[in-house]
Amino acid sequence: MPTRRDLLRLAALAGAGATLPACGATGYDDAVAATWRHAAQAPAEPVALLRELVRYATLAASSHNTQPWRFALDAGAITIQADLSRRTPAVDPDDHHLWVSLGCAAENLTLAAAAFGRRAELEFDSRTRLIRLHLTPMDAVRSPLFQAIPQRQCSRADYDSQPLPAAELRALGSTANGPGVRALLLTDRGRIDAVTDFVIQGNSAQMRDAAFVRELKHWIRFGEREALATRDGLFARSSGNPATPRWLGSLLFGLLFTEKGETDRIVGQMRSSAGVIVFVARSERPAHWVEVGRAYQRFALLATSLGIRNAFVNQPVEVPALREQFAQWLGIDERRPDLLVRFGRGPLMPPSLRRPIDTVIGGPRALQAKAWSPNA
Ligand SMILES: Cc1cc2nc3c(=O)[nH]c(=O)nc-3n(C[C@H](O)[C@H](O)[C@H](O)COP(=O)(O)O)c2cc1C
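Numbering (my numbering), first residue to last: 2 to 377.
So this is what it looks like as structure tokens:
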């Protein structure tokens, strides 16, 4: 009986065999370099400036890398609209993660606007659910958070197990608190172990949920060609798995994606982390979920600027019954824990890609698009 390690080695060999001759042709590294970069200079022409701000916004984190956003450009404003065709109803039935993702994009846009001499003030219209960023002139500020935008990533690796200095923890904690958002930083080993149990429970529940697994698989990009074709989704190598053609990746997914294997991986990742942070919004409304996204993105960018990695371990906040128990354990009463993120020093992983900005700039076309359903 081949072991998990044998199968992984086989997949790596087969994946290498499948991609080697075409490596130059697939150009994944070129696409990464073209995606994760700063602007050579501040664009002088107004429309070029707005487009550049959108490009920075798209470098934000998004759940399953769905990039569920569309942008409309005006003379003094950029509007962000949810692209509901990119919902993930199995993992995110109430669109919580979708709104958080839009908040992440809004924060990147705000930081980039400041770097190019524009103050961006966010207005959330609860009726239309549009996020409007009003732009007015200001002195340009290239903050450390802005500088970190092209380096940020969700690093799903083992970290170095070392604690972080108190000054860094204080800075991370205060950056993560925002309007209507509280951040709880846990660094005590016993508390982290207790959180690990919640993550394992949530992960096992999700793995037994056929709709969740189908949806996850739908968003995995097993190989470079596939990732390059869609420029969205979860690239296998970003999660530490070998790149393979889709047929092989799908086959191995069924064999390797086991509760035992995932539990071992989670335990290793959590033990190697310096701490976890929980983001809690004031209320369960999209406007506050957007603020959670902004707070997370600021946290992730500050961490990046300090050479600290982070990755989501959201399982306990994604399974409703477990979320309540997790809230009780945290002592946050009836509030909802929005995001759970681990952090520490560790290696970078191969980056994910983004869709070209021309595909995300435009009107409400996306609202009419047919949504994909995990139950279809
Ligand atoms: C609201 C939200 C929820 C997320 N949940 C998870 C998660 O549970 N597990 C995980 O590994 N990554 C999670 N991610 C990270 C995304 O998968 C990641 O941002 C995306 O793949 C793009 O990669 P990048 O952030 O490295 O650019 C989440 C991101 C957001 C914004």
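The beta-carbon is built from N, C-alpha and C at its ideal position, and this holds for glycine as well.
Once DSSP output is grouped into helix, strand and coil, what is the label at residue i?
i: HIS135; result: strand
i: LEU54; result: helix
i: PRO94; result: coil
i: ALA244; result: coil
i: GLY25; result: Confidence is the limiting factor: at GLY25 the pLDDT is only 45, short of 50, which leaves the residue's position unreliable, though a coordinate-based value still follows. Correct three-state label for GLY25: helix.
i: THR80; result: strand
i: GLY255; result: helix
i: THR360; result: helix
i: ASP334; result: coil
i: ASP126; result: strand
i: PHE223; result: coil
i: ARG119; result: strand
i: GLY179; result: strand
i: GLN369; result: Residue confidence is low: GLN369 scores 33 on pLDDT, short of 50, so the model does not pin down where it sits. Its coordinate-derived value is still stated next. Residue state, collapsed to three classes: helix.
i: ASN74; result: Strictly speaking, residue 74 in this sequence is Leu, with Asn absent from that position. Reduced to three states, the DSSP call for LEU74 is strand.
i: ARG343; result: strand
i: ALA212; result: helix
i: PRO294; result: First, the residue type needs correcting, since residue 294 is Gly and not Pro in the sequence shown. It is helical.
i: VAL279; result: strand
i: ALA312; result: strand
i: ALA184; result: strand
i: LEU249; result: helix
i: LEU170; result: helix
i: LEU146; result: helix
i: LEU99; result: helix
i: LEU235; result: strand
Use the C-beta contact count for residue i: other C-beta atoms within 10 angstroms, 16 or more gives buried, fewer gives exposed.
i: MET139; result: exposed
i: SER162; result: exposed
i: GLU225; result: buried
i: THR1; result: Past the edges of the chain, shown from 2 to 377, lies residue 1, and the structure says nothing about it.
i: GLU292; result: buried
i: ALA35; result: exposed
i: LEU123; result: buried
i: LEU110; result: buried
i: GLU285; result: exposed
i: PRO357; result: exposed
i: ASP95; result: exposed
i: GLY269; result: exposed
i: VAL196; result: buried
i: THR245; result: buried
i: ASP31; result: exposed
i: GLU385; result: Here the chain comprises residues numbered 2 to 377, so residue 385 is not present and cannot be evaluated.
i: GLU260; result: exposed
i: ARG324; result: buried
Taking 7 angstroms as the CB-CB cut-off, is residue i touching chain B?
i: ARG143; result: Chain labels in this structure do not include chain B; a single protein chain is all it has.
Residues around ligand 1, please: the condition is that the C-beta lies closer than 6 angstroms to some non-hydrogen atom of it.
ALA62, SER63, SER64, HIS65, ASN66, HIS98, VAL101, SER102, CYS105, GLN154, CYS155, ARG157, LEU235, ALA312, PHE313, ASN315, SER353
Report yes or no: do three or more beta-carbon pairs, one from the stretch 93-102 and one from the stretch 41-54, lie closer than 8 angstroms?
no
Specify whether the stretch 181-194 and the stretch 204-211 touch according to this definition: at least 3 beta carbon pairs, one from each stretch, less than 8 angstroms apart.
no
Using 8 angstroms as the threshold, is the stretch 312-327 in touch with the stretch 197-206, meaning 3 or more CB pairs across them?
yes
The stretch 232-239 / the stretch 342-361 touching (three or more Cβ pairs under 8 angstroms):
yes
Are the stretch 153-170 and the stretch 242-262 in contact at 8 angstroms, needing three or more beta carbon pairs?
no
For the stretch 329-348 against the stretch 293-301, do three or more pairs of beta-carbon atoms, one drawn from each stretch, fall closer than 8 angstroms, so that the two count as touching?
yes
With contact counted as at least three CB pairs below 8 angstroms, one residue from each stretch, are the stretch 274-283 and the stretch 78-87 in contact?
no
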